[in-house]
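A.B. asks:
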Amino acid sequence: MRKFIFLSLLTTLSLVISLFESIIPLPIPFPGAKLGLSNIVILVTLICFGFKESLIVSILKSFLQVLVVGNLSSLPYSLIGTVFSAVTMAISYKYLSSKLSLIGVSELGAFAFNIGQILVASLVLNNFKIFTYLPFLTFIGIFTGYFVGLSSKFVSKKLLRVLNNNGKSKI
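Take the sequence shown: its position 135, counted from the start at 1, is 135 in my numbering, and no numbers get skipped.
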């Protein structure tokens, strides 16, 4: 029950951050570019609970955001980008963590999210030239991924201490 409550809180936090982020105007001239701050919660969930839980939180956040905002057409973009990102972060965290910091894991997740969204857009628009947009999103993702990774490192250390003393969640 405690685990369910924690994951519910993490899902809610991810949703609130995502909704808050959507109302912040960015001085970036690229449509679709965003900070991805809700990924802090997703990465922290991956570290503290594991892949399955982080994927569940990610997917729930995407569905709940569509329900709250009422923009059903954004669901495929959000859902595919989120799944690409969560899977990429999980694989890189599990298999590359000895060579890659959380910042690198986060940046790979940002890149995967962008690939997922551009893939959906290219299929919807039936135009693969939209992939020329990827370098711009990747450039932005380097900076946002850095901040998300750094924040996730700090938050996950604190949360793991709360969950228990030896760094492994017993929830």
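Glycine included, each C-beta is placed from N, C-alpha and C at the ideal position. Predicted, not measured: the structure shown is a model, and the values here were computed from it.
1) Taking all protein chains shown into account, decide if N71 is buried (16 or more other Cβ within 10 angstroms of its Cβ) or exposed.
2) Less than 8 Å between the CB atoms is what I'm expecting for T82 and S62, so what's the real figure, rounded?
3) List the endpoints of the continuous alpha helix (DSSP H) containing M89.
4) Does the Cβ-Cβ distance between A86 and S54 come in under 8 Å?
5) Mapping the DSSP letters down to three states, classify L134 as helix, strand or coil.
6) Given this structure, state the Cα-to-Cα distance separating K34 from P27, to the nearest angstrom.
7) Could you give the distance in angstroms between the alpha-carbon of G167 and the alpha-carbon of E107?
8) Alpha helix (DSSP H) containing F6: first to last residue?
9) State the CB to CB distance for the pair G57 and L10, rounded to an integer number of angstroms; the pair is presumed to be in contact (CB under 8 Å).
10) Indicate whether Q117 and I80 have their beta-carbon atoms separated by less than 8 Å.
11) What are the start and end residues of the alpha helix (DSSP H) that includes L102?
12) Measuring only the C-alpha atoms, how far is G149 from G50?
13) Closer than 7 Å by C-beta to N114: which residues in its own chain qualify, once you throw out the five before and the five after it? Chain order, please.
14) Using DSSP with H/G/I as helix, E/B as strand and the rest coil, what is I142?
C.D. replies: Result, derived from the coordinates:
1) In the sequence shown, counting from the first residue as 1, residue 71 sits at position 71. When all chains shown are included, N71 counts as exposed.
2) For the purposes of this step, residue 82 is taken as the residue at position 82 of the sequence shown. For the purposes of this step, residue 62 is taken as the residue at position 62 of the sequence shown. Between S62 and T82 the Cβ distance is about 5 Å, and since that is below 8 Å, they are a contact.
3) The sequence position of residue 89 within the sequence shown is 89, counting from 1. Residues 75 to 96.
4) One-based indexing of the sequence shown puts residue 86 at position 86. One-based indexing of the sequence shown puts residue 54 at position 54. Yes. Within cutoff.
5) Taking the sequence shown and counting its residues from 1, one reaches residue 134 at position 134. L134: helix per DSSP, three-state reduction.
6) Taking the sequence shown and counting its residues from 1, one reaches residue 34 at position 34. Taking the sequence shown and counting its residues from 1, one reaches residue 27 at position 27. Looking at the two C-alpha atoms, the distance is approximately 10 Å.
7) If you number the sequence shown from 1, residue 167 lands on position 167. If you number the sequence shown from 1, residue 107 lands on position 107. Confidence in G167 is poor, its pLDDT being 47 and thus under 50, which makes the residue's placement unreliable; the coordinate value appears in the next sentence. Whole-angstrom Cα-Cα distance: 24 Å.
8) Counting from one through the sequence shown, the residue named residue 6 turns up at place 6. Note, F6: alpha helix (DSSP H), 2 to 22.
9) Here the question's residue 57 lines up with position 57 in the sequence shown. Here the question's residue 10 lines up with position 10 in the sequence shown. Reading off the sequence shown, one finds Val at residue 57, where the question assumed Gly. Right, the Cβ-Cβ distance comes to about 5 Å (below 8 Å), so this counts as a contact.
10) For the purposes of this step, residue 117 is identified with residue 117 of the sequence shown, where counting begins at 1. For the purposes of this step, residue 80 is identified with residue 80 of the sequence shown, where counting begins at 1. In this structure, I80 lies closer than 8 Å to Q117 by Cβ.
11) Walking along the sequence shown from the start, residue 102 turns up at place 102. From DSSP, the alpha helix (DSSP H) with L102 extends over 102 to 125.
12) Here the question's residue 149 lines up with position 149 in the sequence shown. Here the question's residue 50 lines up with position 50 in the sequence shown. Their Cα atoms are separated by approximately 16 Å.
13) Walking along the sequence shown from the start, residue 114 turns up at place 114. Excluding sequence neighbours, N114 sits near L134, L137, T138, G141.
14) Numbered from its first residue, the sequence shown carries residue 142 at position 142. Helix, per DSSP.
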